[in-house]
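Remarks on the structure that follows.
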Ligand code: MF3
Ligand code: CO
Ligand code: CO
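Numbering (the working numbering), first residue to last: 406 to 663.
Structure (structure tokens):
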């Protein structure tokens, strides 16, 4: 790896680590009776206290520091006075901006006891992301990433959201390439050592269509079925890949036992 790449990777590692630690920190607060605004405040303060800023805050007018997407919300749920209740599932998506670099990551959380179908949707979404990450190395095609996710998810009877994708990331929050979570094997550009992007599949229990609510942000499933999402920021290395947003505590998917 070139010298410039290793300096960039080191900064991405620091930003990614803080984003992951923020989710680790939030984990113990996520339970029935808590508002998503409360979680947003913890996110804001934790990142500030650890030398960064929350990239979502005021990004294109987004009003909060993280996204909290419950149940049929696909992504970009806005923290509010909404109270979490037993049986809810929720994605929290955090982006830390540290030393001019972005670390972007999201996980699913279960509030109290959740249904078996919710657990299946969550574990399928996590597994689809990790299968896609596992094939990353120089020469892998971008389409292979999409196809890996789509094949796995559809084999489980769920669907891949088309309207949002992963993205290049670094000093800029969202930049090329678009990383689609569906597609054809052996299509698209070849990955090269030093590339950095997110993989963040949004998977619906029912059909893949979504709509955006009047707030201009909240994306929900059109058929009102559940949706799940995980996200990691990753870099392509000589040998394969590096995940910048890994949990120190091994909080990969719920239940998060320490
Ligand atoms: N973190 C989201 C992503 O994965 C982007 C959130 S932008 C916001 O790309 F403005 F909605 F916060
Ligand atoms: Co992202
Ligand atoms: Co994100």
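Glycine included, each C-beta is placed from N, C-alpha and C at the ideal position.
Residue 634 lies in the beta strand (DSSP E); which residues open and close that run? 632 to 634
Residues around ligand 2, please: the condition is that the C-beta lies closer than 6 Å to some non-hydrogen atom of it. 509, 572, 603, 605, 636
The beta strand (DSSP E) spanning residue 508 covers which residue range? 506 to 515
Helix, strand or coil at residue 498 according to DSSP, with G and I counted as helix: strand
Let me check understanding here. Comparing Cα to Cα, which of 448, 623, 419, 492 lies closest to residue 438? 492
Extent of the continuous beta strand (DSSP E) run through residue 406: Element bounds for residue 406: n/a, residue is neither H nor E.
By the three-class DSSP mapping on this structure, what secondary structure does residue 649 have? coil
According to DSSP, is residue 615 helix, strand or coil? strand
Could you give the C-beta distance for residue 455 and residue 649, rounded to a whole number, given that I count them as a contact under 8 Å? At roughly 15 Å, the Cβ-Cβ gap does not stay under 8 Å, so residue 455 and residue 649 are not in contact.
Can you find the residues in the same chain that come closer than 6 Å, C-beta to C-beta, to residue 501, ignoring five residues on each side of it along the sequence? 420, 423, 424, 452, 457, 508
Which of helix, strand or coil DSSP assigns to residue 525: helix
Are the Cβ atoms of residue 490 and residue 441 separated by less than 8 Å? no
Run the CB neighbour count on residue 449, radius 10 Å, all protein chains shown included, and call it buried at 16 or more, exposed below. buried
Do residue 630 and residue 605 have their C-beta atoms within less than 8 Å of each other? no
Cβ-Cβ distance between residue 660 and residue 527 below 8 Å: no
So, using beta-carbon positions, are residue 478 and residue 624 closer together than 8 Å? yes
Taking residue 580 as the reference, give the member of 592, 568, 603 with the closest Cα. 603
Exposed or buried, what is residue 591 when buried is set at 16 or more other beta-carbons lying within 10 Å of its beta-carbon? exposed
Sorted by chain position, which residues of the same chain lie with C-beta nearer than 8 Å to residue 575's C-beta, five sequence neighbours on each side aside? 413, 417, 506, 507, 601
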